[in-house]
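Enquirer: Order-wise, the sequence lines are chains A, B, C and D.
The numbers in this note's numbering rise by one with no breaks, and the one at position 44 of the first sequence is 59.
The numbers in this note's numbering rise by one with no breaks, and the one at position 155 of the second sequence is 170.
The numbers in this note's numbering rise by one with no breaks, and the one at position 35 of the third sequence is 50.
The numbers in this note's numbering rise by one with no breaks, and the one at position 94 of the fourth sequence is 109.
Positions of the beta carbon are idealized from the N, C-alpha and C atoms, including for glycine.
There are 4 protein chains.
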Amino acid sequence: MQSFRELSENLSEAGYEFYRRGWVLGTSGNFSAKVSRKPLQICITASGNDKGALDETHFLEIDDNADVLQGFGKPSAETMLHLTFYRMRSNVGAILHTHSVWGTILSDIFYADGAIEIEGYEMLKGLSGVTTHEHKEILPIIENSQDYVALSHVIDNILRENPTIHGIFLRRHGLYTWGENIGEARRHIEIFEFLFEVLGRSLKLN
Amino acid sequence: MQSFRELSENLSEAGYEFYRRGWVLGTSGNFSAKVSRKPLQICITASGNDKGALDETHFLEIDDNADVLQGFGKPSAETMLHLTFYRMRSNVGAILHTHSVWGTILSDIFYADGAIEIEGYEMLKGLSGVTTHEHKEILPIIENSQDYVALSHVIDNILRENPTIHGIFLRRHGLYTWGENIGEARRHIEIFEFLFEVLGRSLKLN
Amino acid sequence: MQSFRELSENLSEAGYEFYRRGWVLGTSGNFSAKVSRKPLQICITASGNDKGALDETHFLEIDDNADVLQGFGKPSAETMLHLTFYRMRSNVGAILHTHSVWGTILSDIFYADGAIEIEGYEMLKGLSGVTTHEHKEILPIIENSQDYVALSHVIDNILRENPTIHGIFLRRHGLYTWGENIGEARRHIEIFEFLFEVLGRSLKLN
Amino acid sequence: MQSFRELSENLSEAGYEFYRRGWVLGTSGNFSAKVSRKPLQICITASGNDKGALDETHFLEIDDNADVLQGFGKPSAETMLHLTFYRMRSNVGAILHTHSVWGTILSDIFYADGAIEIEGYEMLKGLSGVTTHEHKEILPIIENSQDYVALSHVIDNILRENPTIHGIFLRRHGLYTWGENIGEARRHIEIFEFLFEVLGRSLKLN
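1. How long is the line joining the alpha carbons of Trp84 of chain A and Leu55 of chain A, rounded to whole angstroms?
2. To test your reading of the DSSP string, which unbroken alpha helix (DSSP H) runs of 4 or more residues are found completely within the segment 137 to 194 of chain A?
3. In the DSSP assignment, find the unbroken alpha helix (DSSP H) run with Glu93 of chain C in it and report its ends.
4. Return helix, strand or coil for Asp82 of chain B, following the three-state DSSP convention.
5. Starting from Glu24 of chain B, follow the beta strand (DSSP E) in both directions and report where the run begins and ends.
6. If you draw a straight line from the alpha carbon of Ala92 of chain D to that of Thr179 of chain D, how long is it in whole angstroms?
7. I'd like to know whether the C-beta atoms of Leu75 of chain C and Gly67 of chain C end up nearer to each other than 9 angstroms.
8. Kindly confirm or deny that the segment 178 to 195 of chain B and the segment 137 to 156 of chain B touch, where touching means at least three C-beta pairs closer than 8 angstroms.
9. Mind checking the segment 144 to 162 of chain C against chain D and listing, in chain order, the residues whose C-beta falls within less than 7 angstroms of any C-beta there?
10. Exposed or buried, what is Met16 of chain A when buried is set at 16 or more other beta-carbons lying within 10 Å of its beta-carbon?
11. Leu220 of chain B CB to nearest chain A CB: under 9 angstroms?
12. Since Glu132 of chain B sits in a beta bridge, which residues does DSSP pair it with?
13. Mind checking which residues open and close the alpha helix (DSSP H) that includes Val50 of chain C?
14. Where does the unbroken beta strand (DSSP E) through Leu111 of chain C begin, and where does it stop?
15. Take Gly129 of chain A and list the residues in its own chain whose beta-carbon comes closer than 7 angstroms to its own, dropping the five residues that flank it on each side.
16. In the DSSP output, what is Leu75 of chain A paired with across the bridge?
17. Rounded to whole angstroms, what's the CA-CA distance from Leu218 of chain C to Ser23 of chain D? Just pull it up for me.
18. In chain order, what residues of the same chain lie with their CB nearer than 8 angstroms to the CB of Ser105 of chain B, ignoring the 5 residues before and after it?
19. Can you find a CB in chain B that lies within less than 9 angstroms of the CB of Ser18 of chain A?
20. Examine the ligand ZN and report whether any of its heavy atoms sits within less than 8 angstroms of the Cβ of Glu199 of chain C.
21. Are the Cβ atoms of Glu152 of chain B and Ile133 of chain B separated by less than 9 angstroms?
22. Select from the segment 176 to 197 of chain C all residues with a C-beta closer than 8 angstroms to any C-beta belonging to chain D, and list them in chain order.
23. According to the Cβ coordinates, are Ser122 of chain B and Trp38 of chain B closer than 9 angstroms?
24. His263 of chain A CB to nearest chain B CB: under 9 angstroms?
25. Please name the residue, chosen from A:Tyr34, A:Val213, A:Gly182, A:Leu220, that lies closest to Ala109 of chain A on a Cα-to-Cα basis.
26. Could you list which residues in chain D have their beta carbon closer than 7 angstroms to that of Glu205 of chain A, in chain order?
27. On a CA-only basis, which of B:Met138, B:Asn64, B:Asp171, B:Val50 is nearest Gly30 of chain B? Give me that one, please.
28. Do you know whose CA, among D:Val213, D:Glu28, D:Glu199, lies nearest Glu137 of chain D's CA?
29. So which of A:Ser18, A:Glu71, A:Phe100 has the shortest CA-CA distance to Glu28 of chain A?
30. So Met138 of chain C contacts chain B; which residues on that side make the cut at Cβ distance below 7 angstroms?
31. By DSSP, does Asp9 of chain D sit in helix, in strand, or in coil?
32. Within 10 angstroms of the Cβ of Val107 of chain A, are there 16 or more other Cβ atoms? Answer buried if so, exposed if not.
33. Please check if any C-beta of chain A sits within less than 9 angstroms of the C-beta of Glu212 of chain B.
34. If we cut at 9 angstroms on Cβ distances, does Thr119 of chain A have a partner in chain B?
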């Protein structure tokens with residue numbers, strides 16, 4: 016297990032890179048990583064900071080009830096969603112949530128289909144456990160809401176019904192993805208964003 | 016209140032980032048922040064400098080008549096517009112004006128409608144006081160002009176009639192947005208620019 | 016007058032920034048600045064270097080006959096075009112030549128019209144001597160060729176017939192623009208590139 | 016000949032730049048350079064590292080059988096393809112393989128034609144041996160596969176039949192290009208990526 020300090024440093028580096036690429040503009044997005052499994056304790060961005068200039072002081076350590084164990088500031092409203100992912104997937108070590116232009120657009124276009132489906136690209140092999148470009152990735156899209164309790168229940172159900180997915184998209188809001196560690200979660204963000212842009216630009220040509 | 020020096024440093028950092036993103040190319044754009052409210056004194060970029068390489072020497076301190084209290088160089092012609100915003104909104108602490116590709120394009124497309132209307136995106140919550148994605152943001156578009164006295168009157172009227180807006184767009188020219196402080200104004204620029212790109216790219220797909 | 020050393024440093028900085036933006040990829044482009052007017056001596060990039068990593072050793076000082084006065088390497092074949100601009104416009108102090116995606120595309124689309132015409136944008140005021148967005152800028156497009164003597168004659172004629180233009184585009188090749196000094200030429204590149212992107216993206220929407 | 020250390024440093028610099036541009040996101044891509052010709056020994060990225068943050072420890076030295084001579088980690092599955100290029104083209108000193116959005120899209124659109132054909136652009140002169148924009152570059156597209164032995168045979172055949180090509184594209188996967196040294200291979204990547212974007216964006220406008 017990595018320490019709170021190391022996790023916050025690695026999440027800050029991811030934030031710097033994602034900000035540069037325009038995936039967490041305007042203080043949007045939030046990131047977390049697991050400090051301990053039993054009891055569940057996580058390191059998570061406090062609400063409302065610039066994700067391109069994070070340091071250790073912008074993170075909170077919280078427990079399973081979202082009570083703050085260390086750090087300054089308020090947990091963001093979406094902390095509840097992070098906790099849901101950790102509870103439902105015991106092998107999740109890190110969760111990254113970003114807001115990108117292409118993701119936002121695709122989540123709207125494919126909302127009626129219930130998911131963004133991506134198939135036939137080599138880049139899919141960057142998703143954990145995927146070994147061939149012939150894989151079809153299903154990325155469920157759920158309606159956005161300010162009721163985070165209700166959203167948690169929806170996410171809970173989707174995770175039960177879809178054991179092999181790598182992410183969930185909140186419509187016109189953003190992507191949640193995860194990994195065994197921060198490196199894997201970050202790779203997943205990059206893979207999804209690359210594929211969103213390919214899909215979005217291809218739509219215009221067809 | 017922050018000092019002239021601190022404000023010029025924070026505005027320089029915003030300029031560096033906006034230049035990198037292509038929102039103030041070719042010495043375009045101008046930035047200001049309030050040094051004192053009574054009497055009104057502001058720190059503002061002097062005319063004609065590269066906004067990606069600003070330092071304290073590129074800023075002027077001016078009073079309510081645009082007379083220069085400290086610094087070298089000429090106030091830009093748009094200084095009058097900045098003063099209008101500060102006079103009309105007592106809680107404005109900083110004003111940022113940028114020229115972006117997507118903003119320019121949308122200001123042209125939606126000019127006949129009088130405003131760019133944006134609704135249903137989570138990113139709207141990055142605008143001060145907005146608490147749900149269901150918010151509809153109205154961004155008035157006004158015809159561009161080299162007559163800054165006339166423009167000031169138009170802006171004056173728009174601010175009176177639209178107490179809750181977060182920005183105004185000069186057609187085929189650029190965005191004016193503001194905030195209680197530089198951080199908030201900068202967040203507003205990022206939120207608007209993100210949403211302009213989403214809207215512009217979505218138009219192509221529909 | 017600035018020294019060869021200072022000019023090469025300022026041109027290197029422009030190159031770094033243009034490379035970052037993708038306007039001089041793959042060692043494309045070339046830059047020059049005037050060292051003395053009588054006799055005409057210029058500082059110009061030697062052939063074939065990475066424009067994102069230039070230093071003084073990548074520049075040559077040449078005279079009006081393109082004979083090398085100092086520096087190592089070969090003048091590029093386009094040196095002749097630079098000399099033509101300096102001869103025809105006595106107030107030109109620097110010339111920048113870049114290869115961008117949007118410029119390349121527009122030069123093809125508008126080739127039959129003979130020029131890219133740009134009108135009604137505030138950003139036009141970034142071009143030297145332009146004081147209103149109502150200005151119409153004419154950017155002549157000429158057919159690309161590997162015969163640089165012939166190209167020089169074509170450029171010579173265009174400069175005679177168009178005393179107020181700020182640049183010339185070689186079809187499917189790149190932009191030549193100039194200024195009284197490197198700062199002004201660099202501002203012109205940024206203004207043209209911004210407007211190319213606005214025009215190109217607007218075409219898709221109309 | 017450059018040492019393993021120098022080659023790994025130069026390949027790392029290329030990786031940093033390509034990552035920044037979005038051409039090797041999510042640990043995708045791989046790079047190699049020739050350490051000695053007889054016997055054939057190459058320096059190649061180990062499997063699965065972030066290509067934007069490479070250093071010497073992320074490279075392997077391998078022989079003609081893909082046996083590891085020095086370094087830690089596993090050769091990627093695509094090492095076999097690199098070896099095929101070196102065997103078939105004795106003057107190849109470096110091979111770069113990237114995954115870009117525009118390349119991926121074009122490889123799909125032009126797959127039925129068997130190749131991406133590019134003609135009439137000045138930037139083509141950045142490809143080794145090309146001296147005029149009138150050159151027509153043929154970039155063969157081959158179907159992607161996880162069977163690297165079969166892919167090697169296909170590449171072998173294409174290289175025999177097309178002595179003058181500068182690259183091969185694996186459909187919906189990525190570009191392989193090469194050069195006498197790392198600098199030339201890197202220039203080829205930049206030239207191809209520039210032209211992919213020009214072609215892709217032009218398609219939308221026609």
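Expert: In short:
1. Just to set this straight, residue 84 of chain A is Leu in the shown sequence, not Trp. Cα-Cα distance, rounded: 12 angstroms.
2. Those alpha helix (DSSP H) runs which fall completely within the segment 137 to 194 of chain A and span 4+ residues are 163 to 176.
3. Run containing Glu93 of chain C: none; DSSP gives neither H nor E here.
4. Reduced to three states, the DSSP call for Asp82 of chain B is coil.
5. Looking at the DSSP string, Glu24 of chain B is not in any beta strand (DSSP E); the run it does join, the alpha helix (DSSP H), is 19 to 36.
6. Whole-angstrom Cα-Cα distance: 27 angstroms.
7. Cβ atoms of Leu75 of chain C and Gly67 of chain C: not closer than 9 angstroms.
8. Yes, since at least three Cβ pairs between the segment 178 to 195 of chain B and the segment 137 to 156 of chain B fall closer than 8 angstroms, the two stretches touch.
9. Within the segment 144 to 162 of chain C, the qualifying residues are Asn159, Gln161.
10. Note on Met16 of chain A: under 16 other CB atoms within 10 angstroms of its CB, so exposed under the neighbour-count rule.
11. Interface residue, yes.
12. In DSSP, Glu132 of chain B forms a bridge with B:Ile153.
13. Secondary structure note for Val50 of chain C: it is in no alpha helix (DSSP H), and the uninterrupted beta strand (DSSP E) holding it is 45 to 51.
14. Residues 109 to 113.
15. Correct list, in chain order: Pro155, Ile156.
16. Beta-bridge pairing links Leu75 of chain A to A:Ile59.
17. C-alpha separation (whole angstroms): 44 angstroms.
18. The answer, listed in chain order, is Arg52.
19. Chain B, which has no Cβ nearer than 9 angstroms to the Cβ of Ser18 of chain A, makes this no.
20. Among the components modelled here there is no ligand, and therefore nothing to report on the ligand ZN.
21. Yes, Cβ-Cβ distance for Glu152 of chain B and Ile133 of chain B is below 9 angstroms.
22. Along the segment 176 to 197 of chain C, the positions whose C-beta sits under 8 angstroms from a C-beta of chain D are Leu185, Arg187, His188, Gly189, read in chain order.
23. Taking 9 angstroms as the cut-off, the beta carbon of Ser122 of chain B is found no closer than this to the beta carbon of Trp38 of chain B.
24. Residue 263 of chain A lies beyond the stretch modelled for chain A, which goes from 16 to 221, so this question has no answer here.
25. Taking each of A:Tyr34, A:Val213, A:Gly182, A:Leu220 in turn and checking the Cα distance to Ala109 of chain A, the smallest one comes out for A:Gly182.
26. Chain D residues near Glu205 of chain A: Leu40, Gly41.
27. Among B:Met138, B:Asn64, B:Asp171, B:Val50, the Cα nearest to that of Gly30 of chain B is on B:Asn64.
28. Minimum Cα-Cα distance from Glu137 of chain D among the listed residues D:Val213, D:Glu28, D:Glu199 corresponds to D:Val213.
29. Here the closest residue by C-alpha is A:Glu71.
30. Result: Gly41, Ser43, His114.
31. Lying outside 16 to 221, the shown extent of chain D, residue 9 of chain D is not represented and no answer is given.
32. By the Cβ-count criterion, Val107 of chain A is buried, with 16 or more other Cβ atoms from all chains shown falling within 10 Å of its own Cβ.
33. Answer yes: the Cβ-Cβ gap between Glu212 of chain B and chain A drops below 9 angstroms somewhere.
34. It does; some Cβ of chain B falls within 9 angstroms.
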